[in-house]
Amino acid sequence: ETKKKKKKVPQTRGEVEIRQKMTVEELAQAMGKDIDHIYEALLYTDINLDSVEPDSILREDHIKMIIQKSGMKYKSAKLKEEKERKNTDAVKRQVGNCSFLPPADPAVLTPRPPVVTILGHVDHGKTTLLDSLRKTQVASMEAGGITQHIGAFIVHMPSGEKITFLDTPGHAAFSAMRARGTNVTDIVILVVAAEDGVMQQTIESIQHAKNAGVPLILAINKCDKPEADPERVKKELLAHDVVCEEFGGDVQAVNISALKGENLMVLAEATVALAEMLELKADATGLVEGTVIESRKDKGKGPLTTAIIQRGTLRKGCVLVAGKTWAKVRFLFDENGKAMDAASPGIPVEIMGWKDSPSAGDEILEVESEQRAQEVVAWRTYVEQQEKMKEDLEVIEAKQKEHRLEYEKQQQKLAHLTWRQRKAVLYKANRHLMFSRPKERTEMDENTLSLIVKGDVDGSVEAILNILDSYDCEDECKLDIVYFGMGDISENDISLAESFNGVILGFSVKASESIKKLADKKGIKIKLHNVIYKLIEDLKDELNSRMPPTVVETTIGEASVLDTFSVTVGKNKIPVAGCRVHKGLLDRKMKFKLIRNRDVIWKGCLSSLKHHKDDVQVIKTGMDCGLSLDKNLEFSIGDEIICYEEKEVQQTTSWDPGF
């Protein structure tokens with residue numbers, strides 16, 4: 014009988030099992046109390062309640078103190094030794110650079126098409142060039158072929174060669190993707206406008222290519238314009254170690270006009286020639302390896318990713334992992350949405366069958382089975398959690414340390430009291446915090462701009478977030494990103510914007526009529542853009558409108574007090590100053606201030622302004638006047654009286670996103 018009972022109640026009344034790194038929530042559960050009870054106990058400690066959330070980790074001495082304060086006892090739980098988790102990550106196959114691995118057998122290597130990225134400065138014509146290259150293909154296949162961008166496409170040469178073009182949006186914003194994406198790229202086409210020459214992002218693009226060790230081909234665009242000067246461009250590039258063939262270097266330069274479609278095939282042939290020199294080959298056998306170029310969500314097909322295969326041949330039914338998600342390939346599509354049976358290296362392919370959208374730039378690896386895929390994803394998620402916990406702990410410790418110093422200062426002030434009195438003082442001082450602990454943060458500061466960011470594909474959202482990361486004017490107006498995601502504007506976004514009083518930013522996405530009407534009704538701004546820097550400019554305007562106007566004082570006139578006397582009105586004596594205006598004019602309607610020894614003593618309005626004995630509105634330079642203030646102040650000779658007006662000026666944000 015007793016044995017049974019013992020099993021049922023391992024915890025005797027009032028004894029709490031504690032272990033290291035308990036959170037507020039876990040402690041509350043272990044004690045059988047609610048969270049507020051823990052907060053109340055924490056008032057006796059040096060913890061800053063504002064920084065405590067239910068998932069904050071408590072220090073051991075605090076845990077013990079809380080339990081004692083609550084009239085309970087504690088015992089340490091038997092530590093379950095956390096087993097080191099076995100690393101179950103998937104990695105690339107080793108290529109034969111290790112001494113004991115045979116190099117990839119030359120017999121299995123087959124030629125593959127080159128993968129080309131187009132880089133260059135804003136507005137130099139990258140997008141136009143991509144569109145023109147695409148059009149050359151559409152015409153040769155069927156009219157109206159391409160319906161959507163999948164992030165990459167193939168150009169078929171008359172001679173039978175293929176070239177794969179990535180259309181990563183080229184902009185400073187996307188350098189994150191470029192920096193990750195250039196390892197997919199074999200050749201970079203650098204677009205420079207013939208009339209502008211080398212610009213900031215041209216130089217950045219050259220750096221990207223150099224860092225990745227990728228050869229360049231120079232495309233001098235807009236050569237159809239009268240002010241075009243291709244020779245100047247080539248000379249400017251010499252300064253950046255890009256030496257064209259005519260100067261004895263190895264960079265091919267092609268003069269093109271993307272708009273008119275001139276010389277595009279010459280550019281393509283130059284690319285093929287360079288690719289032949291590079292002897293691009295790939296191993297089309299074994300497990301698949303690749304890179305995600307873009308990912309998007311499709312209403313009917315679920316998450317889709319565009320990938321470029323780097324090794325192996327991708328077929329239906331393969332199991333892939335990328336980032337923290339996996340896929341069993343259900344369908345493969347080419348860039349025109351046609352189903353494919355297999356994709357070989359260097360060919361862009363759209364993959365359907367993902368459980369969730371991976372990020373652009375993630376590595377795709379094929380694994381043996383679905384179970385193995387789940388293992389890999391579980392491991393990666395676990396590693397990320399561990400990292401996050403470590404970071405959180407560091408932040409918490411830093412905050413606690415800062416707080417402890419403050420606490421010690423406070424303790425020194427109370428040193429003459431007994432510890433009970435001290436605790437009582439602390440409790441009283443902190444008690445209001447307890448009741449004012451906000452349950453929900455609904456009221457946002459006046460000066461906070463809440464954003465909901467939506468993009469068409471993962472790469473764009475990431476790029477926008479990267480730019481927003483560079484926002485450094487928190488003191489002027491806070492930026493708070495409430496939510497970000499892919500896909501068109503939904504009702505959910507509207508309701509979020511409503512509850513946070515926020516603005517919706519959409520990049521290359523749509524909002525249906527019903528959504529627009531709903532937003533209008535609720536007074537929510539939806540800003541949709543297809544060009545990233547227009548989007549950012551719009552955001553800057555929005556930030557400007559949120560900033561409080563500054564008041565600027567402009568001086569209209571100055572006068573000095575030469576004499577003082579007083580006038581009796583009824584029973585009151587009113588001090589009057591005899592002044593001479595030595596600059597500008599005094600206007601009775603405006604505001605005035607009195608300055609003595611460079612200090613402003615008074616600001617306000619005049620109660621009277623007289624010239625000789627007449628009441629006047631305005632006194633001009635060189636004239637004498639008598640004036641009295643709306644407050645009984647004694648004047649002294651030598652005081653300055655300044656007439657000024659106040660204007661509200663709209664501030665502008667000092668944030669510079671870099672373009």
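Using the numbering used here, you'd call the opening residue of the sequence shown number 14 and step up by one each time. Built from N, CA and C at the ideal position, the CB exists for glycine as well.
>> Are the CB atoms of PRO67 and ILE48 within a distance shorter than 8 angstroms?
In response: The Cβ atoms of ILE48 and PRO67 sit closer than 8 angstroms to each other.
> Are the Cβ atoms of ILE321 and ILE167 separated by less than 8 angstroms?
Replying inline: no
> What does a CB cutoff of less than 6 angstroms around LYS535 pick up in its chain, not counting 5 residues either side in sequence?
Replying inline: GLU511
> With which residues is GLU307 paired in a DSSP beta bridge?
Replying inline: THR319
> For the beta strand (DSSP E) that contains ARG715, what are its first and last residues?
Replying inline: Absent from the model: residue 715. The displayed extent of the chain is 14 to 672, so no value can be given.
>> For MET154, count the other beta carbons within 10 Å of its own beta carbon; 16 or more makes it buried, fewer makes it exposed. Which is it?
In response: Low local confidence applies: a pLDDT of 45 at MET154 is under 50, so the model's placement there is unreliable, and no value is given.
>> Bridge partners for HIS542 per DSSP, in chain order?
In response: PHE520
> How long is the line joining the alpha carbons of ASP296 and THR123, rounded to whole angstroms?
Replying inline: 6 angstroms
>> Can you tell me whether SER172 is buried or exposed? The criterion is at least 16 other CB atoms within 10 Å of its CB, across all chains shown.
In response: exposed
> Are the Cβ atoms of ILE176 and ALA283 separated by less than 8 angstroms?
Replying inline: no
>> Spatial neighbours of ASP102 within its chain, please: C-beta separation below 7 angstroms, excluding the five flanking residues on both sides.
In response: VAL389, TRP392 and ARG393
> In the structure shown, what three-state DSSP assignment does ILE79 receive?
Replying inline: helix
> What span of residues does the alpha helix (DSSP H) with ARG245 cover, start to end?
Replying inline: 243 to 251
> Taking Cβ positions, are SER473 and SER372 nearer each other than 8 angstroms?
Replying inline: no
> If you draw a straight line from the alpha carbon of LYS86 to that of LYS77, how long is it in whole angstroms?
Replying inline: 8 angstroms
> Of the choices ALA41, VAL211 and HIS416, whose alpha-carbon is the least far from that of GLU244?
Replying inline: Here the closest residue by C-alpha is VAL211.
> With which residues is THR568 paired in a DSSP beta bridge?
Replying inline: TYR657
>> Let me make sure I understand the geometry here. Which of ARG328, PHE344 and ILE306 has the alpha-carbon closest to that of GLY6?
In response: The question about residue 6 has no answer here: the residues shown for the chain are numbered 14 through 672.
> Taking just the CA atoms, how far does GLU658 sit from GLU550?
Replying inline: 33 angstroms
> Given ASP237, which residues of its chain have a CB within under 8 angstroms of its CB, disregarding the five upstream and five downstream residues?
Replying inline: SER270, LEU272, LYS273 and GLU275
> For GLY210, which three-state DSSP category applies?
Replying inline: coil
> How is TYR57 classed by DSSP in three states: helix, strand or coil?
Replying inline: coil
> Which residue or residues does DSSP assign as beta-bridge partners of ASP130?
Replying inline: The residue you asked about is not Asp; residue 130 is Thr in the sequence shown. LEU179 and VAL201.
>> For the ligand SAH, I want to know if LEU531 counts as a neighbour, meaning its beta carbon is within less than 7 angstroms of at least one of the ligand's heavy atoms.
In response: The ligand SAH is not among the ligands present in this structure, which contains no ligands whatsoever.
> Contact between the region 557 to 570 and the region 607 to 624: three or more CB pairs below 8 angstroms?
Replying inline: no
> Of the residues ALA232, HIS416 and LEU333, which one's Cα is nearest the Cα of GLU208?
Replying inline: ALA232
> Which whole runs of the beta strand (DSSP E) in the region 368 to 428 are 3 residues long or more, in chain order?
Replying inline: 376 to 380
> Under the three-state reduction of DSSP, which class applies to SER153: helix, strand or coil?
Replying inline: The predicted position of SER153 is uncertain, since its pLDDT is 48 and thus under 50; a value taken from the coordinates is nonetheless stated next. In this structure, SER153 counts as helix in the three-state DSSP scheme.
>> For GLU28, report the span of its beta strand (DSSP E) as first-last.
In response: Per DSSP, the unbroken beta strand (DSSP E) holding GLU28 starts and ends at 28 to 31.
> Using the C-alpha atoms, what's the distance from ILE614 back to GLN663?
Replying inline: 28 angstroms
>> Taking the beta carbon of ARG611 as the centre, do at least 16 other beta carbons fall within 10 Å, making it buried, or is it exposed?
In response: exposed
> Helix, strand or coil for HIS624 per DSSP?
Replying inline: strand
> Mapping DSSP to helix, strand and coil, what is HIS595?
Replying inline: strand
> Exposed or buried, TYR52, counting other C-beta atoms within 10 Å across all chains shown (16 or more means buried)?
Replying inline: buried
> Leaving out five residues before and five after HIS75 in sequence, what residues of the same chain have Cβ atoms less than 6 angstroms from its Cβ?
Replying inline: If we look at HIS75 and ignore the five residues flanking it on each side, its Cβ neighbours are THR58.
> So what does ASN645 bridge to, in DSSP terms?
Replying inline: None, per the DSSP bridge assignment.
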